[in-house]
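Undergrad:
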Amino acid sequence: MLSLAKTLSKILIIGIILFSFGDAPRIFALEEEKIKELKKKSETIQDQLEKEKAQVEDIRREEDNVLDTLRETDQSIEQTRKRASASKSELDRLDKKIAENSEEIKTLTKKIESSEEEAEHRVSALYKLYKLGKLNILASSGSLNEFFQRKKALESISAYDEKLLKDLNRQKRDLEKTVKKLNVRKEEKLALKKTYDNHVREMKDKRADREKILDSIRKKKSLVLASVQSLENSAKELDAKIEVLYQESQKRILAKAQADAEKESGSESAPKESKFSRLKGLLKMPTEGKIAAFFGPYRNPEFNVMNFRSGIIIRSPRGAAIRAVYDGDVLYSAWFKDYGNMVIIDHGDHYYTVYAHLEDVHKAKGDRVETGDVIGTVGDSGSVTGPGLHFEVRHHGKPIDPIKWLKKG
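Numbering-wise, the sequence shown is residues 166 to 574 according to our numbering.
#1: Based on DSSP bridge pairs, tell me the residues matched to lysine 337.
#2: When burial is assigned at 16 or more other CB atoms within 10 Å of the CB, is serine 267 buried or exposed?
#3: Give me the DSSP bridge partner(s) of valine 526.
#4: Answer yes or no: do isoleucine 479 and isoleucine 509 have a C-beta to C-beta separation smaller than 8 Å?
#5: Please classify threonine 536 as buried or exposed, where buried requires at least 16 other C-beta atoms within 10 Å of its C-beta.
#6: Among Pro482, Glu255, Val543 and Met368, which residue has its Cα nearest to the Cα of threonine 245?
#7: With a CB to CB cut of under 7 Å and the five nearest residues on each side skipped, what residues in its chain are close to phenylalanine 313?
#8: May I ask you to report which of helix, strand or coil DSSP gives alanine 521?
#9: Based on Cα-Cα distance, which residue from Leu357, Leu403, Phe441 and Ile270 lies nearest to lysine 337?
#10: Which same chain residues, not among the five before or five after histidine 560, have their C-beta less than 7 Å away from its C-beta?
#11: If we call anything under 8 Å between Cβ atoms a contact, is threonine 360 one with serine 252?
#12: When you compare the CB positions of lysine 449 and valine 490, do they come within less than 8 Å of one another, or not?
#13: By Cβ distance, which residues of its chain are closer than 6 Å to serine 548, with the 5 residues on each side in sequence left out?
#14: Under 8 Å, do phenylalanine 459 and isoleucine 487 count as touching if we go by C-beta distance?
#15: Would you decide whether proline 482 is buried or exposed? Buried here means 16 or more other CB atoms lie within 10 Å of its CB.
#16: Going straight from the alpha carbon of lysine 354 to that of aspartate 374, what length do you get?
#17: Would DSSP call proline 567 helix, strand or coil?
#18: So, is leucine 554 buried or exposed, given that buried needs 16 or more other C-beta atoms within 10 angstroms?
#19: Under the assumption that leucine 410 contacts tyrosine 497 (Cβ atoms under 8 Å), give the Cβ distance between them as a whole number of angstroms.
#20: With DSSP as the reference, please indicate the residues paired to methionine 507 in a beta bridge.
#21: Excluding sequence positions up to five away, which residues of its chain have a Cβ less than 7 Å from the Cβ of glycine 551?
#22: Please classify proline 567: is it buried, with 16 or more other beta-carbons within 10 angstroms of its beta-carbon, or exposed?
#23: Pick from Phe556, Arg533, Asp511 and Ile565: whose alpha carbon is nearest that of glutamate 453?
#24: Can you tell which of Val539, Leu235, Thr272 and Val349 has the C-alpha that lies nearest to the C-alpha of lysine 377?
#25: Taking DSSP as the reference, what is the three-state secondary structure of leucine 256?
#26: Using the Cβ count rule (16 or more neighbours within 10 Å means buried), how would you classify isoleucine 473?
#27: Do you know offhand how far serine 279's Cα is from asparagine 334's?
#28: Which same chain residues, not among the five before or five after lysine 572, have their C-beta less than 7 Å away from its C-beta?
#29: Quick one: what does DSSP say aspartate 494 is sitting in, helix, strand or coil?
#30: Would you mind reading off the limits of the beta strand (DSSP E) that contains phenylalanine 441?
#31: Grab me the residues of tyrosine 504's own chain with a C-beta within less than 6 Å of its C-beta, minus the 5 sequence neighbours each way, in chain order.
#32: Would you list the one or two residues that DSSP bridges to proline 552?
#33: How big is the Cα-Cα spacing for alanine 485 and valine 543?
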C-alpha cells in the first residue's frame, strides 16, 4: 500500500509538470485513467487479501471444530464405556445370583425327594399302625407303666410325622419361591443383556465416528499441525496443572505434619525422603509392548516441521494392564484435554509419573499405590494414533526423558 501511494504521488507530480505544456489536458486525462486503474487494482488486491484472511479464519475454525468434535467423541465413548462396564458388572452379579439360585433349587429338590421317600415309608407304617388300632395297642399293655410308655411312643410317632409333613411343605414352598426368584432374575438378565448390547453397539458406532474424524485429521496438513499444536498446548497446561496439584499436596503434607507434631508434643515431623531419584535406569516398563515414539524434539516426516514430545508412547493392545513404576500417591485421576483418561502419581521429592490415554482407571485421587499395582488399562482416549500408553517422568513439573529411568531389556 505504501509503494502504491508513492507511485500515485509521482504520477501526480508528473501530471502537474506536464500540465504547464500545451498537451497538458490530454496527458492529465491519461494519467487520471492510470490512477483509476491502479486504484481498481489496489481494491482487487485488498479484496483478495480479505478473502484469503476469511479462508484462513475458516480453516482455523474447521480445525477447532474437528478437534473439539474429537474430544467430545472421546468423552462420549468414555461415558458409554462406563455404562457398558456397569451393565457388565450387574450382569456378572446376576449370573452369580442365578447360579446360587440354581444350586439352591438342586439342594431343595434333593431334600424334597428324600423327605417324600421318607414320608412314603411313614405312610406305610402308619397304615399298619392304624390297621391294628391305637386302642388295641394300648389295651394289650401288660401293665400301667407299659400303657403310658406305649401312649408316649404313639404321641412321639405322631409328632415326628407331623413335623416331617410340615418340613416337606416348607421345603416345597421354599422351592417355589426360589424358582420364582430365578425366573425374575433371568428376565432381569435378558433386559440387562439387551441394555449392555446397546451400549456396546453404541460404543462401536462412536469408535467408527472417531476413526472418520481421525482420517480427516490425518488427510489435512493443517488439521494434523493443529492437533500437534493442541497437544503441545495441553502439555504446557499439564505443567501448570502439576504445579497446582503439587502446591495442594504440599499444603496437605504441611497440615498433617503440624497435626502430627502437636500430637507428639512439639516433636518435629520430617517429610519422608523419596528414593525415586536413586532408581534411574532401574524402573520396570509400566506396560508390556514396544516403544513407538521417543521423548524430545522430533521432525514430522510428512510435513517437515519440528515438534516436541513430552514422554514416550508404548504401543500395546487395548485392555493391557498398566502398572505403577514406583510407590506413591495418586495426585490426579480424571480426564485431561488431549491426554484422555490420565493418572499422575507423586513419588515425593518433586518426582511424578504420568500415564495417559487409559481405557479403564482403577485408582482414584488420594489413593496410595505400591510398585507394580495395576492403576488402569491401555486405551486410546484422547489419542489420535490408536491404542497405547503415553508415559512421562517429570521433575519439578517439567518432563524429563523416561528412557533414562527405565530398565533396559
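Glycine included, every Cβ here is placed at the ideal spot set by N, Cα and C.
TA: Checking against the coordinates, here is how it stands:
#1: Taking the sequence shown and counting its residues from 1, the one referred to as residue 337 is at position 172. Note: lysine 337 sits in no beta bridge, so no partner.
#2: In the sequence shown, counting from the first residue as 1, residue 267 sits at position 102. When all chains shown are included, serine 267 counts as exposed.
#3: For this step, residue 526 is matched to residue 361 along the sequence shown. DSSP lists Gly541 as the bridge partner or partners of valine 526.
#4: Here residue 479 refers to the residue found at position 314 when the sequence shown is read from its first residue. Here residue 509 refers to the residue found at position 344 when the sequence shown is read from its first residue. Taking 8 Å as the Cβ cut-off, isoleucine 479 and isoleucine 509 do not qualify as a contacting pair.
#5: For this step, residue 536 is matched to residue 371 along the sequence shown. So threonine 536 ends up on the exposed side.
#6: In the sequence shown, counting from the first residue as 1, residue 245 sits at position 80. Measuring from the Cα of threonine 245, the nearest candidate turns out to be Met368.
#7: As a first step, residue 313 must be located in the sequence shown, where it is residue number 148. Bear in mind that a pLDDT of 49 at phenylalanine 313, under 50, signals an unreliable position, so the number given afterwards is only what the model happens to contain. No residues qualify anywhere along the chain.
#8: As a working note, residue 521 is residue 356 in the sequence shown. The answer is strand: DSSP assigns alanine 521 an E or B state.
#9: What you label residue 337 is simply residue 172 of the sequence shown in a count that begins at 1. Of the candidates Leu357, Leu403, Phe441 and Ile270, the residue whose Cα lies closest to the Cα of lysine 337 is Ile270.
#10: Residue 560 sits at position 395 when you count from the first residue of the sequence shown. Taking C-beta separations shorter than 7 Å and ignoring five residues to either side along the sequence, the partners of histidine 560 in its chain run His515 and Tyr516, following chain order.
#11: Translated into positions along the sequence shown, residue 360 becomes position 195. Translated into positions along the sequence shown, residue 252 becomes position 87. Cβ distance < 8 Å, so threonine 360 and serine 252 count as in contact.
#12: Translated into the one-based positions of the sequence shown, residue 449 becomes position 284. Translated into the one-based positions of the sequence shown, residue 490 becomes position 325. Taking the C-beta atoms as reference points, valine 490 is found nearer than 8 Å to lysine 449.
#13: Indexing the sequence shown from 1 puts residue 548 at position 383. Within the same chain, serine 548 has close Cβ partners His522.
#14: For the purposes of this step, residue 459 is taken as the residue at position 294 of the sequence shown. For the purposes of this step, residue 487 is taken as the residue at position 322 of the sequence shown. In this structure, phenylalanine 459 lies away from isoleucine 487, with their beta-carbon atoms at least 8 Å apart.
#15: If you number the sequence shown from 1, residue 482 lands on position 317. Classification of proline 482: exposed, given that the 10 Å Cβ count is below 16.
#16: Against the sequence shown, residue 354 aligns to sequence position 189. Against the sequence shown, residue 374 aligns to sequence position 209. Using only the alpha carbons, I get a separation of about 30 Å.
#17: Position 402 of the sequence shown holds residue 567. It is helical.
#18: On the sequence shown, position 389 is the one that residue 554 refers to. Leucine 554 comes out buried.
#19: Position 245 of the sequence shown, counted from the start, is the residue given in the question as residue 410. Position 332 of the sequence shown, counted from the start, is the residue given in the question as residue 497. Confirmed, about 6 Å.
#20: Here residue 507 refers to the residue found at position 342 when the sequence shown is read from its first residue. Per DSSP, Ala499.
#21: Along the sequence shown, one-based indexing puts residue 551 at 386. The residues are Asp545.
#22: What you label residue 567 is simply residue 402 of the sequence shown in a count that begins at 1. Buried.
#23: To locate residue 453, count along the sequence shown from 1; it is residue 288. Measuring from the Cα of glutamate 453, the nearest candidate turns out to be Phe556.
#24: Walking along the sequence shown from the start, residue 377 turns up at place 212. Restricting attention to Val539, Leu235, Thr272 and Val349, the CA atom closest to the CA of lysine 377 is found in Leu235.
#25: Here residue 256 refers to the residue found at position 91 when the sequence shown is read from its first residue. DSSP, read as helix, strand or coil, puts leucine 256 in helix.
#26: For the purposes of this step, residue 473 is taken as residue 308 along the sequence shown, with counting starting at 1. What sits at residue 473 in the sequence shown is phenylalanine, not isoleucine. It is exposed - the Cβ of phenylalanine 473 has fewer than 16 other Cβ atoms within 10 Å.
#27: Along the sequence shown, read from residue 1 onward, the residue named residue 279 stands at position 114. Along the sequence shown, read from residue 1 onward, the residue named residue 334 stands at position 169. The straight-line gap from Cα to Cα measures roughly 13 Å.
#28: Within the sequence shown, residue 572 is the residue found at index 407, counting from 1. The answer, listed in chain order, is Gly446, Leu447, Leu448 and Lys449.
#29: Here residue 494 corresponds to residue number 329 of the sequence shown, with the count starting at 1. Strand, per DSSP.
#30: Here residue 441 is taken as the residue at index 276 of the sequence shown, counted from 1. It is not in any beta strand (DSSP E) - phenylalanine 441 carries neither H nor E in the DSSP assignment.
#31: Taking the first residue of the sequence shown as 1, we reach residue 504 at position 339. Counting only Cβ-Cβ distances below 6 Å, and skipping sequence neighbours, we find Ala521 and Gly547.
#32: By one-based count along the sequence shown, residue 552 stands at place 387. DSSP, once it has assigned bridges, lists no residue as partnering proline 552.
#33: Residue 485 sits at position 320 when you count from the first residue of the sequence shown. Residue 543 sits at position 378 when you count from the first residue of the sequence shown. Spanning the two alpha carbons is a distance of roughly 5 Å.
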